[in-house]
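Visitor: Supplied in structure tokens, the structure appears directly below.
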Amino acid sequence: MKTTVIIPTYNRATHLPRAITSLLRQRDAVDLDILVVDDGSTDETPALLSDLARQHPCIRWLRQPNAGVAGARNAGLANLLPETSFVTFLDSDDVAPPGRFASDLPRLQAAPDAALTYGRMMLVEALDPETLLPTDTAKRVEVVGINLACAIFRRALIERIGAFDLALRQSEDTDYLLRAFESGAGFIQTDTLCLYYVRHPGNMTRDTIEAKRSFALAVLKSMQRRRADPGIVLNKPDFVLQPLAEIGFF
């Protein structure tokens, strides 16, 4: 059963190959479809993606005028393959750790009552460029954080949740996950390390004021939905509901 990984990207030509390589190295564990959405990049991203797609048939890409990360992810959702059964996400400056799919995908396949798995993430200062593992001296912290890459979704759940909220400049992923966990869908929380969130000067979430404002808005929207419909219950994994900027790493 095919798994589509949606990667939104904008002017990340220096980071994108690392993200894609981290996925390609796991093809033995997953029938992989990598879908990169170029959100109007002005750097070498289009040429890079053309070259990578020629080398690797599992890579698809599309280009659109800049619409923001929510719009880019929505474009990815609108272009799922008919045979896609599972969906996950990866930002173009992050990395999927080894074993990410080998660990969680079989658990989801074996549990028909579960609509997604949800694992752990590591905030890390630097990765070795060859192994894509944290360097010996890199500052790091492992958490159960709020990130789409920690989840593998059944396609049916993706279709039930719907589109990302274009009104959110940041924390659109938090809003999406909260809607998933308000849906009543069963989930499996795992100890799998699903994501290396790599710190660098261009990280959007280093704009801590905007990050906190957007995060608060996403949480407020969840509270408003549940207040309007008492039948909605937030049944979420054991993660701390806070923005990454407050974890103390940045």
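Numbering (our numbering), first residue to last: 6 to 255.
We put the CB at the ideal spot given by N, CA and C, even for glycine.
Note that the coordinates shown come from a computational prediction; the quantities given were computed from them, not determined experimentally.
1. Buried or exposed, going by whether 16 or more other CB atoms sit within 10 Å of the CB of valine 203?
2. When we look at the beta-carbon of asparagine 79 and count the other beta-carbons within 10 Å, is it buried (16 or more) or exposed?
3. Span of the beta strand (DSSP E) holding lysine 7?
4. Between Asp98, Arg30, Ala77, Ser55, which lies nearest to histidine 20 when the distance is taken from Cα to Cα?
5. Ordered along the chain, which non-local residues of its own chain (more than five positions away) have a Cβ less than 8 Å from that of threonine 89?
6. If you draw a straight line from the C-alpha of phenylalanine 106 to the C-alpha of alanine 34, how long is it?
7. Please return the same chain residues whose Cβ sits closer than 7 Å to the Cβ of alanine 143, not counting the five positions on each side in sequence.
8. List the whole-angstrom C-beta distance separating alanine 120 from leucine 200, where the pair is believed to meet the contact cut-off of C-beta under 8 Å.
9. Which class does aspartate 36 belong to by DSSP, given the choice of helix, strand or coil?
10. In terms of alpha-carbon separation, which member of Arg232, Ile157, Gly167 lies closest to threonine 197?
11. Could you tell me which of Ser108, Ile11, Cys155 sits nearest to threonine 179, measuring between CA atoms?
Guide: According to the structure data:
1. buried
2. Result: buried.
3. 7 to 14
4. Asp98
5. Close CB contacts of threonine 89 within its chain, under the 8 Å cut and outside five residues either way in sequence, are with Lys7, Thr8, Thr9, Asp38, Arg160 (chain order).
6. 6 Å
7. Val129, Glu130, Ala131
8. Not a contact, Cβ separation roughly 20 Å.
9. strand
10. Ile157
11. Cys155
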